[in-house]
Each structure stands twice: as C-alpha cells, then as structure tokens.
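Peer 1: Take this structure first; my questions come after.
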Amino acid sequence: MMARRRHGLRTLAVSAGAAVAAGFMAYAALERAVRADYPALALARGRQLLRKSRRVLIATGIWDDAPLWIGGTMRLLAQQGADITVAGPAPVPCRPPWRDMADFRPLLPEDLPGDQVYSPAAQKALRSLWIELKPDLVFTFDPSFPVVLGHPARAVVGNAVIDLVLSGAVAAAGVYAFGTRRPDTLVDIGPLIRGKQRAMAPRPGTTGLRARLAPAAVGLLGRLYGKGAGLAYAEALRAVGPASRIPAQACATAGREPAWDGTAAGGSQRMAWEDS
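Spelled out as structure tokens, the structure:
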C-alpha cells in the first residue's frame, strides 16, 4: 500500500515537473517570437509615430482588441492631441474603455461575417471611412503574422486594410498592424500599464473567462514585447506598406536593410471596389 502511494506521488511530481518545464519552454518560445530584431530602431520608430500623427483610424474586427493591444499607444496619441476614430463591427459597445479618448463608428450596419476572411462589403465601408477621415495613421490587427488569430472578423478587417494600402486605393498613411509576432515598432507604455489594466478590468455584470483574464493578458503581453528592448512594458506593431517603411539610412545604421514587398506584408489582393 505504501509502495503504491509513493509511486503515485513520484508520478504526480514527475508530471508536475514536466508541465512546468513545458510551460517555461512555451513562454521562452513566445518571447523569442515577438522580439523585435532591432529594438533601438523599433523604439525610434515608435517615438516618431507618436510625434507625427494627428488623425488616427483604428480598424478592428473585435472591439476589445484596440485597448488590449494598443491601449497605451492610444492614450499617448490622445495626449498629443490626435483625433482618434475606432471602427469595428455593429453594434458599437455602450461603454468602451477608450470612450474618453476616441470616437467610434460601425463599419457596417450588421455584424462582420464570421465564416470568412474577406468581405467586399467591409472593404468598401472601410474605404469610404478612410476617404472621409483622411487619416495619417491607421492601425489594424495583423492577419498575416498574428500572435493569435481567433475570431475570423480580425482577418476580415485586417485583410481589408492591407489590401487597400497595397493597391493604392486610399490616400497614403502610416499603417501598422497590432497583435503581431513580427514587430518592428515599439511604444514604451511602462508609466501607463496600471491604467491600461484598470481599463481592461471586467465591468460589473461581465461574465466569461476572456474578460476576467484581460488585465493579466495586458501585463503579460507588455512584458513580452518590452523585454527585448529593455523596457518594463511595451506595445508592438508591424509596419505595413511603403509609407510606413523604415528609412533606408536608419536601417543602414542598424546593419541591415529590411525587405518589403506585397507578399511579405500580407493581404488578399482582391479589390472589392474594382467589381463595382
């Protein structure tokens, strides 16, 4: 009896140790995957982004993605006096955590399609909004190199933005993808992390595991993105399109000229308005 008990305890200990080791290896792999190749250059690009942007459009397939992935960047842009519009699926949330620093607009009168990654209607609506707002800075979820894709609506909106940019169908703007595992732009949000976590805390009456884990996810993502650059917390982006490309002279200083082409940037290359 005692022998069986000791065997059971050893088995449990071995299993627990294996789980801890697997968790550590997964964390280390994720940390490497989201690390910017040139942290100093990525930070310089983030500072430039904050200084020069005045009209900002955030196109998202999931409303909570904006504060989760770039809530600190939104706050810093608002402090610089930027006009921020967040566009996403209908209906718009009643009390979003970013309501004090951004306007919000539905892309379509109905919800975005959840069974596909391309929507002509969403693409046309986004193009119309782009023409109306004339943004100099646009954010969207990264459909090509996501940390996690999850809901197809993310890909619907992300692909629409990238298609518009690569086709030249909209005015030039700095375009950056969040939720990416190929970051080349970093924004230091260390002083803002507590406020960001409070904003993402579950609201009264909110249920579901995702809502309860959001503040912890904010801290984890911030640490992962910031560690490689020596920051406590950061938000990370991937530049998309020629207008967002790293200046050649800055890249030469870093020792490598990063390549850019339509394939690397992603996008479905199917233009909705060309059919109309």
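Residue numbers (our numbering): 18 to 293. Even for Gly, the Cβ is constructed at its ideal location relative to N, Cα and C.
#1: With H, G and I counted as helix, E and B as strand and the rest as coil, what does DSSP make of G105?
#2: How would you call P152, buried or exposed, if buried means at least 16 neighbouring beta carbons within 10 angstroms?
#3: Mapping the DSSP letters down to three states, classify A35 as helix, strand or coil.
#4: Quick one: what does DSSP say Y362 is sitting in, helix, strand or coil?
#5: My output table needs one value for I148: the three-state DSSP class, helix, strand or coil.
#6: Look at L67 and Q97 and say whether their C-beta atoms are less than 8 Å apart.
#7: What residue from P126, S184, V109, D128 has the CA that sits closest to A119's CA?
#8: Assign T202 to one of three DSSP states: helix, strand, or coil.
#9: If we count the other Cβ atoms within 10 Å of its Cβ and call it buried at 16 or more, is D117 buried or exposed?
#10: What residue does the beta strand (DSSP E) around V73 start on, and which one ends it?
#11: Indicate whether A99 and L125 have their beta-carbon atoms separated by less than 8 Å.
#12: Under DSSP, the alpha helix (DSSP H) around V182 begins and ends at which residues?
#13: Beta-carbon within less than 8 Å of G236's beta-carbon, same chain only, minus the 5 sequence neighbours each way: which residues are those?
#14: So does the region 240-249 actually touch the region 79-91, counting three or more Cβ pairs closer than 8 Å?
#15: Nearest to L58 by CA position, among A246, E252, A190, V257, is which residue?
#16: Going by the CB atoms, is the gap between F158 and G258 shorter than 8 Å?
#17: Mind checking A188: buried by the 16 CB within 10 Å criterion, or exposed?
#18: Can you tell me whether DSSP reads R116 as helix, strand or coil?
#19: The alpha helix (DSSP H) with T197 in it runs from where to where?
#20: Would you identify the three-state DSSP class for V164, choosing helix, strand or coil?
#21: Looking at the unbroken alpha helix (DSSP H) that takes in A59, where does it start and where does it end?
#22: Determine the DSSP secondary structure at V155, reduced to helix, strand or coil.
#23: Going by C-alpha to C-alpha distance, which of E252, A61, R122 sits closest to V164?
#24: Please say whether R255 and D201 have beta carbons closer to each other than 8 Å?
#25: Taking the alpha-carbon of F195 as reference, which of L93, L94, P160 has the nearest alpha-carbon?
#26: Here's the rule: buried if 16 or more other CB atoms are within 10 angstroms of the residue's CB, otherwise exposed. What is A216?
#27: V178 to L150, Cα distance in whole Å?
Peer 2: Inspection of the coordinates gives the following:
#1: Counted from its first residue, the sequence shown places residue 105 at position 88. Strand, per DSSP.
#2: To locate residue 152, count along the sequence shown from 1; it is residue 135. Buried, by the Cβ-count rule.
#3: In the sequence shown, the residue the question calls residue 35 occupies position 18. Caution is warranted here: a pLDDT of 45 is assigned to A35, below 50, making its placement in the model unreliable, and no coordinate value can be reported.
#4: No statement about residue 362 is possible, as the shown extent of the chain runs from 18 to 293 and does not include it.
#5: The count along the sequence shown starts at 1 and reaches residue 148 at position 131. Assignment of I148 by DSSP, reduced to helix, strand and coil, places it in the helix class.
#6: For the purposes of this step, residue 67 is taken as residue 50 along the sequence shown, with counting starting at 1. For the purposes of this step, residue 97 is taken as residue 80 along the sequence shown, with counting starting at 1. Cβ distance < 8 Å, so L67 and Q97 count as in contact.
#7: By one-based count along the sequence shown, residue 119 stands at place 102. Residue V109 is the option with its Cα nearest to A119.
#8: Start at 1 with the first residue of the sequence shown, and residue 202 comes out as number 185. Annotated three-state conformation of T202 is strand, per DSSP.
#9: Counted from its first residue, the sequence shown places residue 117 at position 100. So D117 ends up on the exposed side.
#10: Position 56 of the sequence shown holds residue 73. From DSSP, the beta strand (DSSP E) with V73 extends over 72-76.
#11: By one-based count along the sequence shown, residue 99 stands at place 82. By one-based count along the sequence shown, residue 125 stands at place 108. Taking 8 Å as the Cβ cut-off, A99 and L125 do not qualify as a contacting pair.
#12: Residue 182 sits at position 165 when you count from the first residue of the sequence shown. That run of the alpha helix (DSSP H) goes 169-184.
#13: On the sequence shown, position 219 is the one that residue 236 refers to. The residues are I210, Q214, Y250.
#14: Between the region 240-249 and the region 79-91 there are fewer than three inter-stretch CB-CB distances shorter than 8 Å, so the stretches are not counted as touching.
#15: The count along the sequence shown starts at 1 and reaches residue 58 at position 41. Measuring from the Cα of L58, the nearest candidate turns out to be A246.
#16: The residue labelled residue 258 in the question sits at position 241 within the sequence shown. The residue labelled residue 158 in the question sits at position 141 within the sequence shown. Not closer than 8 Å, so no.
#17: Walking along the sequence shown from the start, residue 188 turns up at place 171. A188 should be labelled exposed.
#18: As a working note, residue 116 is residue 99 in the sequence shown. R116: coil per DSSP, three-state reduction.
#19: What you label residue 197 is simply residue 180 of the sequence shown in a count that begins at 1. Where T197 is concerned, there is no enclosing alpha helix (DSSP H), given that its DSSP letter is neither H nor E.
#20: Taking the first residue of the sequence shown as position 1, residue 164 is located at position 147. When DSSP states are grouped into helix, strand and coil, V164 belongs to the coil group.
#21: Sequence index remark: in the sequence shown, residue 59 carries index 42 (1-based). Boundaries of the alpha helix (DSSP H) around A59: 56-69.
#22: Position 138 of the sequence shown, counted from the first residue, corresponds to residue 155. DSSP, reduced to helix, strand and coil, places V155 within a strand of the structure shown.
#23: Within the sequence shown, residue 164 is the residue found at index 147, counting from 1. Checking every option, the nearest Cα to that of V164 belongs to E252.
#24: Residue numbering aside, residue 201 sits at position 184 when the sequence shown is read from its first letter. Residue numbering aside, residue 255 sits at position 238 when the sequence shown is read from its first letter. Judged by their CB atoms, D201 and R255 are nearer to each other than the 8 Å cut-off.
#25: To locate residue 195, count along the sequence shown from 1; it is residue 178. Ranking L93, L94, P160 by Cα distance to F195 puts P160 first.
#26: In the sequence shown, counting from the first residue as 1, residue 216 sits at position 199. Classification of A216: buried, given that the 10 Å Cβ count is 16 or more.
#27: By 1-based counting over the sequence shown, the position of residue 178 is 161. By 1-based counting over the sequence shown, the position of residue 150 is 133. Just so you know, the alpha carbons of V178 and L150 end up roughly 14 Å apart.
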